[in-house]
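Residue numbers (the numbering used here): 337 to 550.
Notes follow the structure.
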């Protein structure tokens, strides 16, 4: 079967892109991976965006990172988020919050690419431009479905085009990353060749196309 995208898995020392939010404080002790709380401050509009409809975005980010996101938009001192978890869980939460906020209004995602690609919990998958919208699905629904199903966090590098491909980053445990990548590979093959038996998490008819495919 012809291959229309290239994937690879990177291993190395974790790197952390800088968070948009300003860390105010942390309390309790972090030694030995103990659970503690860290507060970050964001604008009120960003708080609402992170909550999502019926709390869906907050739940998705929490499920991926393992950290509990406590958001109270009605607090008198402005928009704050309490991240509750181990240092590793809070680092993942900060990373996905940073990237998610940059995606508002189809915004450009700017991260430290060398640091991101050196992380041991990242899989890289280069997707043909013609299939990017198909992998995303309507308003990103297909990609969000893969995230929820496999407990991963996934996003495209929208800035750089490599050999007519856009790079998809998949973060999470190795088993979940590889399973999500296989779903994307099947979607790309289905889109590019019409072959295969791609069955989306949305149903038996494959993912709904995004605006890029229309």
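The beta-carbon is built from N, C-alpha and C at its ideal position, and this holds for glycine as well.
Computed from a predicted model, the values in this text were never measured in an experiment.
>> DSSP three-state label for residue 511, please.
In response: helix
> Quick check: the segment 383-402 against the segment 448-462, are there 3 or more CB pairs under 8 angstroms?
Replying inline: no
> Does the separation of the CB atoms of residue 404 and residue 421 fall below 8 angstroms?
Replying inline: yes
> Where in the segment 453-538 do unbroken runs of the alpha helix (DSSP H), each at least 4 residues long, occur, reported from the N-terminal end onward?
Replying inline: 465-472, 477-486 and 510-529
> Along the chain, which unbroken stretches of the alpha helix (DSSP H) at least 4 residues long are found entirely within the segment 374-425?
Replying inline: For the segment 374-425, the continuous alpha helix (DSSP H) assignments of 4+ residues that do not extend past its boundaries occur at 380-387 and 392-401, in sequence order.
>> Does residue 408 pass the burial test, meaning 16 or more other C-beta atoms within 10 Å, or should it be called exposed?
In response: exposed
> Going by the CB atoms, is the gap between residue 488 and residue 508 shorter than 8 angstroms?
Replying inline: With respect to the 8 angstroms criterion, residue 508 and residue 488 are classified as neighbours on the basis of their beta carbons.
> Applying the criterion that 16 or more other CB atoms from any shown protein chain within 10 Å of the CB defines a buried residue, is residue 443 buried or exposed?
Replying inline: So residue 443 ends up on the exposed side.
> Where does residue 281 land, buried or exposed, given buried means 16+ other C-beta within 10 angstroms?
Replying inline: Past the edges of the chain, shown from 337 to 550, lies residue 281, and the structure says nothing about it.
>> Using only CA atoms, which one of 415, 449 and 454 lies nearest to residue 386?
In response: Checking every option, the nearest Cα to that of residue 386 belongs to 415.
> Nearest-angstrom Cα distance between residue 475 and residue 429?
Replying inline: 22 angstroms
> Quick one, which of 519, 499 and 406 has its alpha-carbon nearest residue 470's?
Replying inline: 519
> Does the distance from the C-beta atom of residue 375 to that of residue 445 stay below 8 angstroms?
Replying inline: no
> Hey, residue 504 and residue 463 are a contact pair by Cβ (cut 8 angstroms); roughly how many whole angstroms apart?
Replying inline: 5 angstroms
> In whole angstroms, what separates the C-alpha of residue 466 from that of residue 432?
Replying inline: Cα to Cα, the separation comes out at about 26 angstroms.
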